[in-house]
Amino acid sequence: MGATQAVLMILGDRANLLIVRESFRGTRRYQEFKARLGMSDAVLASRLRDLVEMGVFRTVQYSQRPPRSEYRLTECGADFWPVAVGIWMWERCWGHRAYRLPTMTHLACGQQTAATFGCGGCATTTVTSRGIEVDVAEAADYVAQVPSRRYRRASWRSAESIDLYSEIDPLLGDRWTVATVAAAMIGVDRFADLQRALDISPPLLSKRLVELVNRGVLDKVIVVDGGHHHRYRMRPKGLDLMPIMVANQAWTNRWFPRDGGPLVKIIHSGCRHELVPAWFCAECGKELGRSTMSFDFPTPALSSRAGSGSHSA
Ligand SMILES: [Zn+2]
Ligand SMILES: [Zn+2]
1088 MGATQAVLMI
1098 LGDRANLLIV
1108 RESFRGTRRY
1118 QEFKARLGMS
1128 DAVLASRLRD
1138 LVEMGVFRTV
1148 QYSQRPPRSE
1158 YRLTECGADF
1168 WPVAVGIWMW
1178 ERCWGHRAYR
1188 LPTMTHLACG
1198 QQTAATFGCG
1208 GCATTTVTSR
1218 GIEVDVAEAA
1228 DYVAQVPSRR
1238 YRRASWRSAE
1248 SIDLYSEIDP
1258 LLGDRWTVAT
1268 VAAAMIGVDR
1278 FADLQRALDI
1288 SPPLLSKRLV
1298 ELVNRGVLDK
1308 VIVVDGGHHH
1318 RYRMRPKGLD
1328 LMPIMVANQA
1338 WTNRWFPRDG
1348 GPLVKIIHSG
1358 CRHELVPAWF
1368 CAECGKELGR
1378 STMSFDFPTP
1388 ALSSRAGSGS
1398 HSA
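Structure (structure tokens):
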């Protein structure tokens, strides 16, 4: 699988995003995915097959008669954790309050903590979207190369517990929306430029932009410079998606490297080198690693009502 395919396989597809997030909660079995996510067999089976083919999951047989396999994250799948941390942090800040988020413990210092996004190259513990630079032409090129559609839009009647994700998944579960956010984030802010960069039909772009404005991700502002022009500006809620996008990009580069190197380079203004995306412990300031942190999930209160039983994660 090529880098341009891989970059929007999980972010960019709501079903895949939910499945991978669910697996980070410890879910492994088909029936558990099904019960917790409420997907149809057609959607769930095809996505799991693709994620295995992509190398995110491997199947491990757990029963011989009848033969049954479970889906375990591979090294590549588990390495998606920095993106998961980004989503978790975003939800802490912007998500619904109707449910309890998992807590994170930094095992090295023993404290319950939050994460700050920074540059592992120079050990700067906080890097915001103002602290990074990308070559806009290069990045717009990259966005344009992202295949617009891999899946037919899948819909299903969600399990009740899917509300867990309802704030972030409209933003990250659709390829066009992710691409639009990415373009706006690098400063492509006019309708015509966005349309050209994304190679998207004007009605489709309008629809996505309206949605992003309604969700408080973008602001539509009028700039007077010889005429009246609308510009789309990122609001804080949108800017806070940056670590997720950058971590996803880095993950893609690690596992699906492209001949000739990554298409888009993200420079950390602070050290003038390529940004090495990293998460740091908000309590002790040390860099977090997959094995030095743990998420503790609250008991899923909704699943009992949905009748899906109490499989422990
Ligand atoms: Zn740096
Ligand atoms: Zn710590």
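Anchor point for the sequence shown: position 112 equals 1199 in this note's numbering, and the numbering is continuous, going up by one each time.
Virtual Cβ for every residue (Gly too), placed ideally from N, Cα, C.
As the structure is a prediction and not an experimental result, all values here were calculated from the model.
Quick check on residue i: does DSSP put it in helix, strand or coil?
{"i": "M1380", "result": "strand"}
{"i": "S1156", "result": "strand"}
{"i": "E1298", "result": "helix"}
{"i": "P1255", "result": "As written in the sequence, residue 1255 is Ile, which differs from the Pro given in the question. Of the three classes helix, strand and coil, the one that applies to I1255 here is coil, per DSSP."}
{"i": "I1287", "result": "coil"}
{"i": "A1279", "result": "helix"}
{"i": "V1310", "result": "strand"}
{"i": "I1318", "result": "Before going on, a small fix: residue 1318 reads as Arg here, not Ile. Note: R1318 maps to strand in three-state DSSP."}
{"i": "A1269", "result": "helix"}
{"i": "L1104", "result": "helix"}
{"i": "A1224", "result": "helix"}
{"i": "G1325", "result": "helix"}
{"i": "L1194", "result": "coil"}
{"i": "T1215", "result": "coil"}
{"i": "L1305", "result": "strand"}
{"i": "A1202", "result": "strand"}
Given a threshold of 16 other Cβ atoms within 10 Å of its Cβ, counted over all protein chains shown, does residue i qualify as buried or as exposed?
{"i": "L1285", "result": "buried"}
{"i": "H1193", "result": "buried"}
{"i": "A1129", "result": "exposed"}
{"i": "D1228", "result": "exposed"}
{"i": "S1150", "result": "exposed"}
{"i": "I1106", "result": "buried"}
{"i": "D1346", "result": "exposed"}
{"i": "E1119", "result": "buried"}
{"i": "D1100", "result": "buried"}
{"i": "A1269", "result": "buried"}
{"i": "C1196", "result": "exposed"}
{"i": "I1309", "result": "exposed"}
{"i": "R1108", "result": "buried"}
{"i": "A1401", "result": "This structure gives no information on residue 1401, because the portion of the chain shown stretches from 1088 to 1400."}
{"i": "R1123", "result": "buried"}
{"i": "A1279", "result": "exposed"}
{"i": "M1088", "result": "exposed"}
{"i": "G1113", "result": "exposed"}
{"i": "Y1271", "result": "For clarity, residue 1271 is Ala in the given sequence; the question names Tyr instead. Buried, since its Cβ has 16 or more Cβ neighbours within 10 Å."}
{"i": "P1290", "result": "exposed"}
{"i": "V1311", "result": "exposed"}
{"i": "A1132", "result": "exposed"}
{"i": "P1385", "result": "exposed"}
{"i": "G1348", "result": "exposed"}
{"i": "G1260", "result": "buried"}
Which whole-angstrom value is the C-beta distance of residue i and residue j, which I expect to be below 8 Å?
{"i": "I1331", "j": "V1221", "result": "Between V1221 and I1331 the Cβ distance is about 16 Å, and since that is not below 8 Å, they are no contact."}
{"i": "V1214", "j": "H1355", "result": "6 Å"}
{"i": "G1205", "j": "T1212", "result": "4 Å"}
{"i": "S1110", "j": "L1160", "result": "6 Å"}
{"i": "R1283", "j": "G1303", "result": "Not a contact, Cβ separation roughly 26 Å."}
{"i": "K1307", "j": "V1300", "result": "5 Å"}
{"i": "W1342", "j": "V1172", "result": "The pair is not a contact, with the Cβ atoms about 17 Å apart (cut-off 8 Å)."}
{"i": "P1154", "j": "W1338", "result": "In fact, because the Cβ distance is near 32 Å, the residues do not count as touching under 8 Å."}
{"i": "E1225", "j": "L1104", "result": "Actually they are not in contact, since the Cβ atoms of E1225 and L1104 sit about 26 Å apart, beyond 8 Å."}
{"i": "A1102", "j": "M1141", "result": "Not quite, the Cβ-Cβ distance comes to about 13 Å (not below 8 Å), so this is no contact."}
{"i": "E1298", "j": "H1183", "result": "The pair is not a contact, with the Cβ atoms about 17 Å apart (cut-off 8 Å)."}
{"i": "Q1148", "j": "E1370", "result": "Not confirmed; about 41 Å, so no contact."}
{"i": "L1098", "j": "V1265", "result": "5 Å"}
Contact set, ligand 2 heavy atom to C-beta under 5 Å: Chain-ordered list of matching residues: H1193, C1196, C1368, E1370 and C1371.
Please list the segments of the beta strand (DSSP E) lying wholly inside the segment 1328 to 1381, counting only runs of 3 or more residues, in order along the chain. Counting only runs of 3 or more residues that sit fully inside the segment 1328 to 1381, the beta strand (DSSP E) segments are 1353 to 1355 and 1364 to 1368, in chain order.
Scan the segment 1115 to 1192 and note each continuous beta strand (DSSP E) run of 3 residues or more that stays entirely inside, going in chain order. If only uninterrupted beta strand (DSSP E) runs of at least 3 residues are considered, those enclosed by the segment 1115 to 1192 are 1144 to 1150 and 1155 to 1160.
Any heavy atom of ligand 1 nearer than 7 Å to the CB - residues listed: Going by the Cβ distance cut-off, the answer is C1206, G1208, C1209, T1211, H1355, G1357, C1358, H1360, L1362 and V1363.
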